[in-house]
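Student:
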Amino acid sequence: MSRFLDDRLRALIPYTPGEQPRGRRFIKLNTNESPFPPSPEVLRAITQEQVSELRLYSDPTMLELRRAIAQRNGLTEAQVMAGNGSDEILGFAFQAFCGKKGVMFPSISYGFYPVWCQLFGIDALALPLREDFTIDIAPYRIPGRNVVLANPNAPTGLALSLEEIEAILQAHPEDVVLIDQAYVDFGCDSAVKLIDRYENLLVVETFSKSRALAGARIGFAMGQEGLIEDLERVRCSFHPYSLNRLSLLAGAAAMRDGAYFDECRGKIIENRSWTRAELMALGCDVTDSLANFLFVRLPGVPGREALEALRQRGILVRWFDKEGIRDWLRITVGVREEMEALVHAVRGIIEGEEQ
Ligand SMILES: *Cc1c(COP(=O)(O)O)cnc(C)c1O
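Residue numbers (the numbering used here): 62 to 416.
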């Protein structure tokens, strides 16, 4: 740290992304990416001609991409904005709406929420989960603060029902309720159908997980026109070209390929239930995840040791050094062979096999 850094940022602890290994080949189950390639339509969209067009700035209105997202979700283009990953959009939303009134979210949730609060000087109220990792919505119904909820939640994979989300929306007529649906495509109900009825609802999604485009950095927000205009105001005051030309093309092509999307998410859901049953048969605790990951506790093996033992067996998973979940691992659902290797490794670790 230099002596030039702003005082406000000296205590800031940045978000720690999951490892992107170089060199040794691992079975990579640590960052909830898709094990499948993006839709073949993506490659078709990125032609030689499009590459030469990179000399031109990208479309600051992102119209084609927003149109594809709007069509898929039964919305108008004015109800959709896109950005450089949902992280960028979430950051804009924290800036746009949370400065004065602050925000509440679960203490165990996406680790970036408290980081944005520190970065932007936003007052954060982190509410504990129940013992079984479910969310008691009672404290979320106290108005005066915005609400941010990942649904399904990460890293637990557990989801709130739309009735519960609606109860929270109704309790907050003057506050924004942001539903971060990064994992919604793997089996949870989408809050998008509530948009027409709640002007305080903002739904954020990403192409990083279910659409296999984590490296293209594409996220989007959906809500009534007013909220979307506010987000666009922030975005255009920061970086109007926040999506590059190739990502705009890739995103629109992937969003339009519904068949491939359904095929991929179907396989993930199938592999998730297969893996969950296998791990439970080995004596693991596994939450009833609706995401593309499982949250797992090995019997008799502390989380950190389990993380290391899996790494030694060539498998990367995610472990959080955080009160209440230190014995748990977040394991991305991959293809069947990867899941078979995972189950085999977990069995060896539980049985105390030497590596
Ligand atoms: C992965 C994830 C994001 C970030 O997605 P990007 O679009 O890749 O920035 C946001 N929220 C949650 C809960 C996530 O798991």
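For every residue, glycine included, the Cβ atom is placed at its ideal position computed from N, Cα and C.
Can the beta-carbon of Arg348 be found closer than 8 Å to that of Gly248?
Tutor: Counting from 1 along the sequence shown, the entry for residue 348 is found at position 287. Counting from 1 along the sequence shown, the entry for residue 248 is found at position 187. The sequence given here has Thr at residue 348, not Arg. No; because the gap between Cβ atoms is not below 8 Å, this pair is not in contact.
Student: Between the segment 162 to 176 and the segment 199 to 210, do three or more beta carbon pairs fall short of 8 Å?
Tutor: They touch, by the three-pair rule.
Student: Is the distance from the Cβ of Glu260 to the Cβ of Gly287 below 8 Å?
Tutor: Against the sequence shown, residue 260 aligns to sequence position 199. Against the sequence shown, residue 287 aligns to sequence position 226. Yes, they are a contact pair.
Student: On the CB-based measure, 16 or more other CB atoms within 10 Å of its CB, does Lys254 come out buried or exposed?
Tutor: On the sequence shown, position 193 is the one that residue 254 refers to. Exposed.
Student: Use the C-beta contact count for Asp246: other C-beta atoms within 10 angstroms, 16 or more gives buried, fewer gives exposed.
Tutor: The count along the sequence shown starts at 1 and reaches residue 246 at position 185. So Asp246 counts as buried.
Student: Would the C-beta of Leu151 count as close to ligand 1, meaning under 7 Å from any of its heavy atoms?
Tutor: Position 90 of the sequence shown, counting from 1, holds the residue named residue 151. For ligand 1, at least one heavy atom lies less than 7 Å from the Cβ of Leu151.
Student: Taking contact to mean 3 or more Cβ pairs, one atom from each stretch, closer than 8 Å, check whether the segment 137 to 144 and the segment 228 to 238 are in contact.
Tutor: Touching, no, given that fewer than three Cβ pairs across the two stretches are closer than 8 Å.
Student: What would DSSP say about Val237, mapped onto helix, strand or coil?
Tutor: Translated into the one-based positions of the sequence shown, residue 237 becomes position 176. Coil, per DSSP.
Student: Is the separation between the beta-carbon of Ile392 and that of Phe87 shorter than 8 Å?
Tutor: Within the sequence shown, numbered from 1, the residue matching residue 392 stands at position 331. Within the sequence shown, numbered from 1, the residue matching residue 87 stands at position 26. No, the pair does not count as a contact, with Cβ atoms beyond the cut-off.
Student: Quick check on the DSSP output: the alpha helix (DSSP H) that includes Ile203 runs from which residue to which?
Tutor: Working through the sequence shown from its first residue, we reach residue 203 at position 142. From DSSP, Ile203 is part of no alpha helix (DSSP H); its letter is neither H nor E.
Student: Should Gly276 go down as buried or exposed, given a rule of 16 or more other Cβ atoms within 10 Å for buried?
Tutor: Within the sequence shown, residue 276 is the residue found at index 215, counting from 1. Label assigned to Gly276: exposed.
Student: Could you tell me which of Pro78, Asn353 and Arg379 sits nearest to Arg365, measuring between CA atoms?
Tutor: If you number the sequence shown from 1, residue 365 lands on position 304. Nearest of Pro78, Asn353 and Arg379 to Arg365, Cα basis: Arg379.
Student: Just to confirm the assignment, what range does the alpha helix (DSSP H) spanning Arg317 have?
Tutor: Looking up residue 317 in the sequence shown gives position 256. First-last of the alpha helix (DSSP H) with Arg317: Arg306 to Arg317.
Student: Is the beta carbon of Phe356 closer than 8 Å to that of Glu389?
Tutor: Position 328 of the sequence shown holds residue 389. Position 295 of the sequence shown holds residue 356. Residue identity check: residue 389 is Trp in the sequence provided, not Glu. For Trp389 and Phe356, yes; Cβs fall inside 8 Å.
Student: Could you give the distance in angstroms between the alpha-carbon of Leu73 and the alpha-carbon of Ser251?
Tutor: Within the sequence shown, residue 73 is the residue found at index 12, counting from 1. Within the sequence shown, residue 251 is the residue found at index 190, counting from 1. Straight-line Cα distance between these residues: approximately 33 Å.
Student: Taking 7 Å as the cut-off, is the beta-carbon of Thr195 closer than that to any non-hydrogen atom of ligand 1?
Tutor: For the purposes of this step, residue 195 is taken as the residue at position 134 of the sequence shown. Outside the cutoff, so no.
Student: Can you check whether the CB of Ala129 is closer than 8 Å to the CB of Ala313?
Tutor: Position 252 of the sequence shown, counted from the start, is the residue given in the question as residue 313. Position 68 of the sequence shown, counted from the start, is the residue given in the question as residue 129. Contact: yes.
Student: Compare the Cα-Cα distances from Ala154 to each of Gly284, Ser170 and Met400 and report the closest residue.
Tutor: Along the sequence shown, one-based indexing puts residue 154 at 93. Among Gly284, Ser170 and Met400, the Cα nearest to that of Ala154 belongs to Gly284.
Student: Please tell me whether Ser119 and Leu309 are closer than 8 Å, where the distance is taken between their beta carbons.
Tutor: Position 58 of the sequence shown, counted from the start, is the residue given in the question as residue 119. Position 248 of the sequence shown, counted from the start, is the residue given in the question as residue 309. Going by C-beta atoms, Ser119 is nearer than 8 Å to Leu309.
Student: Relative to the C-alpha of Cys345, which residue among Ile410, Leu262, Pro96 and Phe158 is closest?
Tutor: For this step, residue 345 is matched to residue 284 along the sequence shown. The candidate whose alpha carbon is nearest that of Cys345 is Ile410.
Student: Relative to the C-alpha of Gly146, which residue among Tyr321, Leu359, Ala367 and Arg296 is closest?
Tutor: What you label residue 146 is simply residue 85 of the sequence shown in a count that begins at 1. Cα-wise, what sits closest to Gly146 is Arg296.
Student: Quick check on the DSSP output: the beta strand (DSSP E) that includes Leu355 runs from which residue to which?
Tutor: As a position in the sequence shown, residue 355 is number 294, starting the count at 1. Element bounds for Leu355: Phe354 to Arg358.
Student: Verify whether the separation of the beta carbon atoms of Glu114 and Ser303 is less than 8 Å.
Tutor: Counting from one through the sequence shown, the residue named residue 114 turns up at place 53. Counting from one through the sequence shown, the residue named residue 303 turns up at place 242. No.
Student: Please report the Cβ distance between Ile169 and Leu190, rounded to the nearest whole angstrom; I am assuming they are in contact, meaning their Cβ atoms lie under 8 Å.
Tutor: Walking along the sequence shown from the start, residue 169 turns up at place 108. Walking along the sequence shown from the start, residue 190 turns up at place 129. Their Cβ separation, rounded to whole angstroms, is 5 Å, which keeps Ile169 and Leu190 in contact under 8 Å.
Student: Quick check: what's the CA-CA separation for Ala320 versus Ala106?
Tutor: Within the sequence shown, residue 320 is the residue found at index 259, counting from 1. Within the sequence shown, residue 106 is the residue found at index 45, counting from 1. Each residue's Cα considered, the two are about 17 Å apart.
Student: Checking the sheet assignment: what are the DSSP bridge partners for Leu115?
Tutor: Taking the first residue of the sequence shown as 1, we reach residue 115 at position 54. Beta-bridge pairing links Leu115 to no other residue.
Student: Between Val394 and Asn305, is the Cβ-Cβ spacing less than 8 Å?
Tutor: Position 333 of the sequence shown holds residue 394. Position 244 of the sequence shown holds residue 305. The answer is no: Cβ separation not under 8 Å.
Student: If you follow the beta strand (DSSP E) that Met165 is part of, which residue opens it and which one closes it?
Tutor: If you number the sequence shown from 1, residue 165 lands on position 104. Run containing Met165: Val164 to Pro167, per the beta strand (DSSP E) assignment.
Student: Which class does Arg391 belong to by DSSP, given the choice of helix, strand or coil?
Tutor: As a position in the sequence shown, residue 391 is number 330, starting the count at 1. Strand, per DSSP.
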